[in-house]
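Numbering (the working numbering), first residue to last: 41 to 410. Just below is one structure, and these are the notes that go with it.
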Ligand code: ADP
């Protein structure tokens with residue numbers, strides 16, 4: 041049965057029951073409070089009618105109870121029948137009150153539920169937008185790094201060519217030197233692997249995919265990011281100093297997203313240092329254990345950050361650069377917070393800037409160490 045005929049059938053059943061009760065109550069000589077059965081009608085109406093409709097049904101039941109009493113007992117109104125009529129009216133009143141209360145509660149629940157569903161929908165959309173934005177930012181970053189990346193891939197390719205040519209020469213000799221030729225081919229193969237690794241890292245970073253949470257060795261995340269930026273760091277003539285813990289902390293997270301954060305922080309440092317050439321650029325990148333957290337710290341000896349800007353850095357669209365968009369750090373913060381961590385910036389006068397983020401350690405960490 042479709043929705044409309046079912047509602048119609050319920051309505052018909054409601055009126056049929058009402059009429060039957062009225063008939064039995066008014067035209068039979070039963071010495072019982074038949075009108076109490078109107079409670080059934082009210083219960084039936086609770087599902088089908090609106091609050092207004094329910095009130096109307098209850099009023100009709102009360103009027104019919106009174107009418108039935110007057111029709112059948114108008115000659116002797118003050119009898120046991122009056123008590124039965126009053127009992128019935130009281131039962132109708134109580135049933136109506138309960139039905140209305142129930143109806144209001146379920147309406148309120150339904151409202152809350154649809155509000156919740158809507159909020160959930162908005163949250164899901166927001167989450168998708170964040171993923172999209174993070175992906176766009178990664179591609180923008182990769183665009184900025186294209187010159188370094190091209191160089192990074194070119195180097196092994198050039199090495200492959202020269203190793204292949206060397207192998208050819210060893211083989212073309214009147215007495216081919218197979219040992220040397222083999223060594224040259226091994227060098228070519230190792231360079232080919234290096235090129236493939238660089239390309240894989242770039243492909244992973246530019247791939248558009250949903251976050252994939254897994255057990256991660258945090259130091260390898262940082263090392264992979266540094267490998268991608270190696271050329272960029274060199275071209276900015278910045279000295280890189282790394283401090284890695286003896287045992288790498290393990291965290292649960294999305295490798296690509298966490299790499300994005302590290303890359304973003306390092307590129308910001310490189311930009312800051314390139315506009316500030318009082319001293320040779322120095323970049324410190326470290327991974328540490330801190331109680332139940334793993335910490336990544338990026339420190340540079342650039343111009344540092346104005347104290348009044350410190351509180352605004354992670355707000356969307358805050359930038360002090362002429363061509364800046366001001367969304368890099370706000371994406372970093374949302375990524376880190378999604379991982380249950382926190383990110384902060386510190387800067388003391390003439391001591392550059394320090395950005396650090398901490399993440400909860402995963403349960404796979406067996407032996408905390410310095
Ligand atoms: P954008 O790089 O487009 O400006 P970000 O959100 O990445 O956007 O950075 C916001 C601002 O934070 C930058 O404009 C800059 O003022 C400041 N900032 C970030 N990193 C550093 C740093 N290492 N040293 C000094 N200032 C920084």
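Even for Gly, the Cβ is constructed at its ideal location relative to N, Cα and C.
Item, Value
"Of the listed residues 128, 206, 289, nearest to residue 103 (C-alpha basis)", "128"
"Inter-residue spacing [alpha-carbon to alpha-carbon] between residue 97 and residue 82", "7 angstroms"
"Under 9 angstroms between C-beta atoms of residue 337 and residue 324", "yes"
"Nearest-angstrom Cα separation, counted from residue 158 out to residue 305", "36 angstroms"
"Close Cβ partners of residue 139 (< 8 angstroms) along its chain, the five nearest in sequence each way excluded", "82, 83, 85, 86, 94, 98"
"Residue 179 beta carbon near the ligand ADP (any heavy atom closer than 8 angstroms)", "no"
"Distance CB(residue 371)-CB(residue 299) smaller than 9 angstroms", "no"
"C-beta atoms of residue 75 and residue 105 nearer than 9 angstroms", "yes"
"Other residues of its chain near residue 54: CB distance less than 8 angstroms, five sequence neighbours each side excluded", "81, 84, 85, 88, 97"
"Opening and closing residue of the alpha helix (DSSP H) in which residue 196 lies", "186 to 212"
"DSSP state of residue 159 mapped onto helix, strand, coil", "helix"
"Option nearest residue 352 by Cα separation, candidates 340, 118, 368", "368"
"Beta-carbon proximity of residue 395 to residue 339, cut-off 9 angstroms", "yes"
"Coil, strand or helix - residue 399 by DSSP", "strand"
"Inter-stretch contact at 8 angstroms, needing at least 3 Cβ pairs: the region 274 to 287 / the region 226 to 240", "no"
"Close-in-space but distant-in-sequence residues of the same chain around residue 248 (CB under 6 angstroms, 5 per side omitted)", "175"
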